[in-house]
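Visitor:
There are 2 protein chains.
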Amino acid sequence: MAGTDHGQDSGWDGPTPAFILVRPQMGENIGAAARAMLNFGCDRMRLVAPRDGWPNSAAVATASGAARVLDHVQVSDTVEEATGDLNYVFATTARDRDLTKPVMTPERAMQHARELTAAGQKVGIMFGPERAGLENSDIVRANALVSVPVNPAFASLNLAQCVLLTAYEWRRSGDDTAPEVMEMAKTRFAEAIELQKLLEGLEARLDAVGFFFPEHKRDSMVENLRNMVSRMNLTEADVRTLHGVFRALAEKRKGFK
Amino acid sequence: MAGTDHGQDSGWDGPTPAFILVRPQMGENIGAAARAMLNFGCDRMRLVAPRDGWPNSAAVATASGAARVLDHVQVSDTVEEATGDLNYVFATTARDRDLTKPVMTPERAMQHARELTAAGQKVGIMFGPERAGLENSDIVRANALVSVPVNPAFASLNLAQCVLLTAYEWRRSGDDTAPEVMEMAKTRFAEAIELQKLLEGLEARLDAVGFFFPEHKRDSMVENLRNMVSRMNLTEADVRTLHGVFRALAEKRKGFK
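Chains as they are written, first to last, in UniProt numbering: chain Y, 1 to 257; chain C, 1 to 257.
(1) What are the residues in the region 48–75 of chain C lying within 7 Å of chain Y by C-beta distance?
(2) Could you pull out every residue in the same chain whose Cβ sits closer than 6 Å to the Cβ of C/T177, ignoring the five residues on either side in sequence?
(3) Classify C/R35 as buried or exposed, calling it buried when 16 or more other Cβ atoms lie within 10 Å of its own Cβ.
(4) One question on the structure: do C/K122 and C/N87 come within less than 7 Å of each other, judged by their Cβ atoms?
(5) Got a sec: is the Cβ-Cβ distance from Y/G41 to anything in chain C below 7 Å?
(6) Is Y/P50 near the ligand PLP, judged by its Cβ being under 6 Å from some heavy atom?
(7) At the level of alpha carbons, what is the spacing between C/F246 and Y/G201?
(8) Compile a chain-ordered list of the residues in the region 115–137 of chain C whose CB is closer than 9 Å to at least one CB of chain Y.
(9) Once you ignore the five residues that flank C/A142 on each side, which residues in its own chain have a CB closer than 8 Å to its CB?
(10) Determine whether the Cβ of C/S156 lies closer than 7 Å to any Cβ atom of chain Y.
(11) Is it buried or exposed, C/G255, if we count other Cβ atoms within 10 angstroms and call 16 or more buried?
(12) So for C/F211, helix, strand or coil by DSSP?
(13) In whole angstroms, give me the CA-to-CA distance for Y/E130 and C/K217.
(14) For Y/G124, does the three-state DSSP call read helix, strand or coil?
(15) In the region 186–252 of chain Y, which residue ranges form an unbroken beta strand (DSSP E) of at least 3 residues, counting only runs that do not cross its ends?
(16) Measure the CB-CB distance between C/Q25 and C/R51 and report whether it falls below 7 Å.
(17) Please report whether the beta-carbon of C/V181 lies at a distance below 7 Å from any beta-carbon of chain Y.
(18) Using Cβ-Cβ distances below 7 Å, what residues of the region 139–168 of chain Y are close to chain C?
(19) Note down the Cα distance separating Y/S64 from Y/A167, rounded to an integer number of angstroms.
(20) Just mark residue 271 of chain C as buried or exposed, buried being the case when its beta carbon has 16 or more other beta carbons within 10 Å.
(21) Can you tell me whether DSSP reads C/T62 as helix, strand or coil?
(22) By how many angstroms is the C-alpha of Y/A59 removed from the C-alpha of Y/I30?
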């Protein structure tokens, strides 16, 4: 995790998801998001490449009583870094995306987050920059999408409002007494960094055999693979198996050279 | 209804509740409330004694695309006037009140509002002024209270946020049609026979490179692969991609024989 000099919380002790603001622009919105989170007991914020750097005095001024959320913020340069230790990542999106990925309401998503968290998984929720929203290259790293069912004729939720509704649903999801015990409760699910390494390894092997052809389709082919793998909810054991499968298929080839 | 010279909607044609802002102070907050409402299809706003009079240019500027909510606002001098034609009135409140009155979550309140509206009743929701909130003399006019379950250690919802959560719950309460998981609507998921063929193809390729070693572990290794693949919830497109990946990794090898 980059920016470890900003007083981040290195561990993951509590049961709340990480709210990951990706390339946020205005410090005021970061502060307002911190307040929105804390209203519903969420205090784990991560920032990816905040436009105006970090720390940000406008964020602190706006956060006011929620400054302790900012005190423990984790700052990264990339989404890859910010999600590396997470087992399950949601991406909030306003528009329909032409991606094969489950789309959930905030309610369903936070119920699922609650189940995953109860099973020991680390969950994060990504929020895109003001106006533009998340890019497809961010979204393909997510396990599922979250879409707020806004009025199609007037959809103007700002960043802090989207954070507010998500945190509210997180809180609501915990109103039930007993959390559902998930199947596979003892399984360790892969962290995003492990998926990333799996993909990089596969990509290199596929490059070596000229899989990405024609060249101008390379990016979309890689994105497609990334999208598929991030949706599979792989366990750590799955990742090891797939490393083995790819290696076996590819490296024997070398043996025959 | 007072203030009928401000272009109000005199009738009650639609199915949405009235959002009644009582003694709001900042025009910006009125505009932000209008936006929050319209995000979830609510467009009936009433104002009681807005501090800076009406119309309010700051409200209009902030409302922006939601200006039509303000165009039809009804302005009154008192809560009594503003609620006179309503059958059922909710009062939003942050603090516990020492009043014998049902207290509902926003979810339950808006479900109830939906039921009442469906039965032809006219429903309103009162929101107090910034900071101070509603006075007891306002609240005693309400049929029920609505309280957002905020973090007791940090409760800082502003007016527009409270309006947002209420409008969101109103929208959710009518959301019978939309499934909670919009499970990749146009996607065709793979059939078992397709997974079976994928596995058989992979197994043959892995056999060819001596992956299943030692022999006595062969069955459990195959079972492990099958278990993994069946858990991935692959789409038909994923299956084709994986066929391509396995072929690329393995067949180039043959080319080098």
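Note that CB positions come from ideal geometry on N, CA and C, so glycine has one too.
Guide: Answer, in terms of the structure:
(1) G65, A66
(2) To locate residue 177 of chain C, count along the second sequence from 1; it is residue 177. At C/T177, the pLDDT of 47 sits below 50, so the modelled position is not reliable and the matter cannot be decided from this model.
(3) Residue numbering aside, residue 35 of chain C sits at position 35 when the second sequence is read from its first letter. Buried: at least 16 other Cβ atoms inside 10 Å.
(4) Here residue 122 of chain C corresponds to residue number 122 of the second sequence, with the count starting at 1. Here residue 87 of chain C corresponds to residue number 87 of the second sequence, with the count starting at 1. Yes; because the gap between Cβ atoms is below 7 Å, this pair is in contact.
(5) Within the first sequence, numbered from 1, the residue matching residue 41 of chain Y stands at position 41. Chain C, which has a Cβ nearer than 7 Å to the Cβ of Y/G41, makes this yes.
(6) Ligands displayed in this structure: none; no statement on the ligand PLP is therefore possible.
(7) Here residue 246 of chain C is taken as the residue at index 246 of the second sequence, counted from 1. Here residue 201 of chain Y is taken as the residue at index 201 of the first sequence, counted from 1. So the two alpha carbons sit approximately 14 Å from each other.
(8) none
(9) Start at 1 with the first residue of the second sequence, and residue 142 of chain C comes out as number 142. Here the set comprises V89, F90, A91, K101, M126.
(10) Counting from 1 along the second sequence, the entry for residue 156 of chain C is found at position 156. Yes, contact with chain Y.
(11) Position 255 of the second sequence, counted from the first residue, corresponds to residue 255 of chain C. With a pLDDT of 45 at C/G255, under the threshold of 50, the modelled position of that residue is not reliable, and the figure given next carries that caveat. Exposed, since its Cβ has fewer than 16 Cβ neighbours within 10 Å.
(12) Counting from 1 along the second sequence, the entry for residue 211 of chain C is found at position 211. C/F211 falls in the coil class under three-state DSSP.
(13) For the purposes of this step, residue 130 of chain Y is identified with residue 130 of the first sequence, where counting begins at 1. For the purposes of this step, residue 217 of chain C is identified with residue 217 of the second sequence, where counting begins at 1. The alpha-carbon atoms of Y/E130 and C/K217 are separated by roughly 53 Å.
(14) As a first step, residue 124 of chain Y is located in the first sequence; it is residue number 124 there, counting from the start. Strand at Y/G124.
(15) Runs of the beta strand (DSSP E) inside the region 186–252 of chain Y: none found.
(16) Counting from one through the second sequence, the residue named residue 25 of chain C turns up at place 25. Counting from one through the second sequence, the residue named residue 51 of chain C turns up at place 51. One thing to note: C/Q25 has its Cβ within 7 Å of the Cβ of C/R51.
(17) Position 181 of the second sequence holds residue 181 of chain C. In this prediction, C/V181 scores a pLDDT of 47, lower than 50, which makes its location untrustworthy; the coordinate-derived value is nonetheless stated afterwards. By this cut-off, C/V181 is an interface position.
(18) P149, V150, N151, F154, A155, S156, L157, Q161, L164, L165, Y168
(19) For the purposes of this step, residue 64 of chain Y is identified with residue 64 of the first sequence, where counting begins at 1. For the purposes of this step, residue 167 of chain Y is identified with residue 167 of the first sequence, where counting begins at 1. Their backbone Cα atoms lie some 18 Å apart in a straight line.
(20) Any question about residue 271 of chain C goes unanswered here, given that chain C covers just 1 to 257.
(21) Position 62 of the second sequence, counting from 1, holds the residue named residue 62 of chain C. Correct three-state label for C/T62: helix.
(22) As a first step, residue 30 of chain Y must be located in the first sequence, where it is residue number 30. As a first step, residue 59 of chain Y must be located in the first sequence, where it is residue number 59. Using only the alpha carbons, I get a separation of about 5 Å.
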